[in-house]
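**Student:** Last residue of the sequence shown: 491 in our numbering, with the numbers rising by one and none dropped. Note that CB positions come from ideal geometry on N, CA and C, so glycine has one too. Below: one structure in structure tokens.
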Amino acid sequence: MGRGSHKGGGMPSQRQLRVGELVRKSLSECLTRGEIRDPLLEMHVISIPEVRMSPDLSLATAYVMPLGAPGQEQPIVDALNSHKKYLRGRLGRDVAMKHTPDLRFRYDETFDEASRIDALLSSPLVQQDLLKKDDVENDDEK
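What follows is the structure, encoded as structure tokens:
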């Protein structure tokens with residue numbers, strides 16, 4: 350078994366990362382050029398921060414972030430999934446691979462998670478604990 354191919358997950362191989370970046374670039378360019386005729390997709394700017402490839406490169410999971418579309422995340426992901434046949438064909442022309450991977454689109458929740466953690470860290474209770482810790486450290490230095 351090669352690196353990253355065991356069932357427990359692990360780090361992706363360099364090949365997975367390289368192919369994922371090629372797929373991401375191709376999908377991003379296709380969305381930027383407005384090649385998909387869908388009113389919902391045409392109204393919004395969609396960022397693709399990451400594409401994760403399966404170990405055998407047969408499946409590409411594209412994480413998408415609709416910008417300026419609060420509450421529209423799931424409809425946009427559904428619209429992209431409904432156009433994945435066209436996008437896969439486009440990908441086959443853009444990226445020279447023996448087999449074009451199946452596409453799957455998911456909403457990228459990393460930005461939401463980072464905002465949630467930032468809000469937690471700036472909450473009054475955490476700030477109060479940080480101030481107490483600073484006071485204790487200052488007392489120890491004296």
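Is it right to say S431 is buried, meaning 16 or more other beta carbons lie within 10 angstroms of its own, or is it exposed?
**Tutor:** In the sequence shown, counting from the first residue as 1, residue 431 sits at position 82. Under this definition S431 is an exposed residue.
**Student:** In this structure, what does DSSP give as the bridge partners for M402?
**Tutor:** Taking the sequence shown and counting its residues from 1, the one referred to as residue 402 is at position 53. According to DSSP, which records beta bridges pairwise, M402 is partnered with A409.
**Student:** Leaving out five residues before and five after K374 in sequence, what residues of the same chain have Cβ atoms less than 6 Å from its Cβ?
**Tutor:** Along the sequence shown, one-based indexing puts residue 374 at 25. Excluding residues within five positions, none has a Cβ falling inside 6 Å.
**Student:** Could you tell me which uninterrupted alpha helix (DSSP H) segments, each at least 4 residues in length, are contained entirely in the region 439–487, listed from first to last along the chain?
**Tutor:** 459–470
**Student:** Within the continuous alpha helix (DSSP H) that includes P388, where are the two ends?
**Tutor:** Residue mapping note: residue 388 aligns to position 39 of the sequence shown, counting from 1. Residues P388 to M392.
**Student:** Is S377 close to the ligand ATP? I mean its beta-carbon at under 6 Å from any heavy atom of the ligand.
**Tutor:** For the structure depicted, the ligand ATP is absent and the ligand set is empty, with no information on it obtainable.
**Student:** Take L366 and list the residues in its own chain whose beta-carbon comes closer than 6 Å to its own, dropping the five residues that flank it on each side.
**Tutor:** Within the sequence shown, the letter at position 17 stands for residue 366. For L366, where only same-chain residues beyond five positions count, there are no Cβ hits under 6 Å.
**Student:** With DSSP as the reference, label I395 as helix, strand or coil.
**Tutor:** In the sequence shown, counting from the first residue as 1, residue 395 sits at position 46. Correct three-state label for I395: strand.
**Student:** Hey, quick one: how far does the alpha helix (DSSP H) through E422 stretch, first residue to last?
**Tutor:** Here residue 422 refers to the residue found at position 73 of the sequence shown. Segment E422 to S431, the alpha helix (DSSP H) holding E422.
**Student:** Is it right to say F454 is buried, meaning 16 or more other beta carbons lie within 10 angstroms of its own, or is it exposed?
**Tutor:** Residue mapping note: residue 454 aligns to position 105 of the sequence shown, counting from 1. It is buried - the Cβ of F454 has at least 16 other Cβ atoms within 10 Å.
**Student:** Determine, using beta-carbon pairs with one atom in the region 375–393 and one in the region 464–476, whether at least three such pairs fall under 8 Å.
**Tutor:** Contact between the region 375–393 and the region 464–476 is absent, because fewer than three Cβ pairs lie under 8 Å.
**Student:** Which residue wins for smallest C-alpha separation from G420, given the options L371, K481 and D461?
**Tutor:** What you label residue 420 is simply residue 71 of the sequence shown in a count that begins at 1. The candidate whose alpha carbon is nearest that of G420 is D461.
**Student:** At which residues does the alpha helix (DSSP H) containing E384 begin and terminate?
**Tutor:** By 1-based counting over the sequence shown, the position of residue 384 is 35. No alpha helix (DSSP H) holds E384; DSSP gives it neither H nor E.
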